[in-house]
Amino acid sequence: MTDPKNKRNATEQITPEFLAAGRLYSQLHDAGLEKSPEAAEALQHMYDAAPESFRQEMHDMAVQMGLMPSVPDGYTDDGEPVYSLEGLANRLGLSPEEAQRAAEELGIKPGTTKVNKVH
């Protein structure tokens, strides 16, 4: 019987890369390093390797928690949603400068999306 709470598509595969990044993040978290650049990088690797349904669930949770807007700031030519640091800062009650500093402290680099490719 299928669990209705489990939205994961049965054809989606959990990759070894996803599991390894998750284990690394767990180890960093257990060591009290969940706010380190290494932890941010592990989470990014985990997200990048995650099945699409997992990424969607993460996004939905962030929206429900008020951490992400329900509608992106725009879309790339490929239809990928994009968010501005300023928009996220506003949503979190931070100044753009505070958000930029926090992103830099976590080792998060600005996106490489060209503005003219966002609609």
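Residue numbering for the sequence shown is 6 to 124, as defined by the working numbering. Cβ atoms here follow ideal geometry from the backbone N, Cα and C, with glycine treated the same way. No experiment lies behind these values; they were computed from the predicted model shown.
Ordered along the chain, which non-local residues of its own chain (more than five positions away) have a Cβ less than 7 Å from that of Ala47? Ala26, Leu29, Tyr30 and Leu33
How many Å lie between Glu39 and Gly98 at the Cα? 21 Å
Exposed or buried, which one is Met70 when buried takes at least 16 other CB atoms within 10 Å? exposed
From this set, Asp53, Thr81, Pro42 and Arg96, which residue's C-alpha is nearest Glu109's C-alpha? Pro42
Quick check: the Cα distance between Glu22 and Ala94, rounded to an integer number of angstroms? 30 Å
Ordered along the chain, which non-local residues of its own chain (more than five positions away) have a Cβ less than 7 Å from that of Pro101? Leu90, Glu91 and Ala94
I need the straight-line Cα distance from Tyr52 to Glu103, nearest angstrom please. 24 Å
Write down the C-beta distance between Ala44 and Thr20 rounded to the nearest angstrom, noting that I regard them as a contact closer than 8 Å. Actually they are not in contact, since the Cβ atoms of Ala44 and Thr20 sit about 20 Å apart, beyond 8 Å.
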